[in-house]
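J.:
Residue numbers (UniProt numbering): 1 to 144.
#1: Could you check where the beta strand (DSSP E) with residue 80 kicks off and where it finishes?
#2: Leaving out five residues before and five after residue 130 in sequence, what residues of the same chain have Cβ atoms less than 7 Å from its Cβ?
#3: Rounded to whole angstroms, what's the CA-CA distance from residue 36 to residue 108? Just pull it up for me.
#4: What separation, rounded to the nearest whole angstrom, lies between the Cα atoms of residue 121 and residue 39?
#5: Across which residues does DSSP place residue 121 in a beta bridge pair?
#6: Which full runs of the beta strand (DSSP E) of 3+ residues lie inside the segment 17 to 85, going along the chain?
#7: Less than 8 Å between C-beta atoms, sequence neighbours within five positions excluded: which residues of the same chain meet that for residue 46?
#8: If we define contact as Cβ-Cβ less than 8 Å, is residue 97 a contact residue for chain E?
#9: Excluding five sequence neighbours on each side, which residues of the same chain lie with their C-beta closer than 6 Å to the C-beta of residue 42?
#10: Taking the alpha-carbon positions, what's the residue 68 to residue 111 distance?
#11: Cα-Cα, which of 127, 32, 114 and 141 is closest to residue 88?
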């Protein structure tokens, strides 16, 4: 008989928040900003134990991210913009957990998220963006 591989399967849900923003000056002192907000995830994770203390896994599911577009025209030539939208998408990732003691573990994880396009248009401005996110997580955990 060969070595035994122990598999795991589970669901997860999470909410995280970002302070990511990109701002730039346009046309003198006018400022345009694109900001990332909260991100909601729901998905499933499948993993396999290698030996007695290492778990390797893949995960994937639904993502919903918040994005905000702001434009401030200091010369009042066009109207200011302050628009936000929730964008649906998906995420996929992989990671590993290593048991450190009976109740603690360390983990590393990479997740890629892809969202629907963000489109905004009025008489003065047109924005069409394809958005994605790359995330690396290093963590210590406690099981109880």
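From the three backbone atoms N, C-alpha and C, an ideal C-beta is built for every residue, glycine too.
T.: Well, looking at it:
#1: Taken as a continuous stretch (DSSP letters only), residue 80 belongs to no beta strand (DSSP E), as it is neither H nor E.
#2: A distance below 7 Å between beta-carbons, with the five flanking residues on each side excluded, links residue 130 to the following residues of its chain, in chain order: 117.
#3: A direct Cα-to-Cα measurement between residue 36 and residue 108 gives close to 23 Å.
#4: Looking at the two C-alpha atoms, the distance is approximately 24 Å.
#5: Partner residues in the beta bridge of residue 121, as assigned by DSSP, are 126.
#6: Every unbroken stretch of the beta strand (DSSP E) spanning 3 or more residues and falling wholly within the segment 17 to 85 is given here in chain order: 21 to 26, 30 to 50 and 54 to 72.
#7: So the qualifying residues of the chain are 7, 8, 9, 57, 58 and 59.
#8: The structure shown contains no chain E; it holds only a single protein chain.
#9: Scanning its chain for C-beta atoms nearer than 6 Å, with the 5 sequence neighbours on each side dropped, one finds around residue 42 the residues 13, 61 and 62, in chain order.
#10: Looking at the backbone, the Cα of residue 68 and that of residue 111 are separated by about 22 Å.
#11: Among 127, 32, 114 and 141, the Cα nearest to that of residue 88 is on 114.
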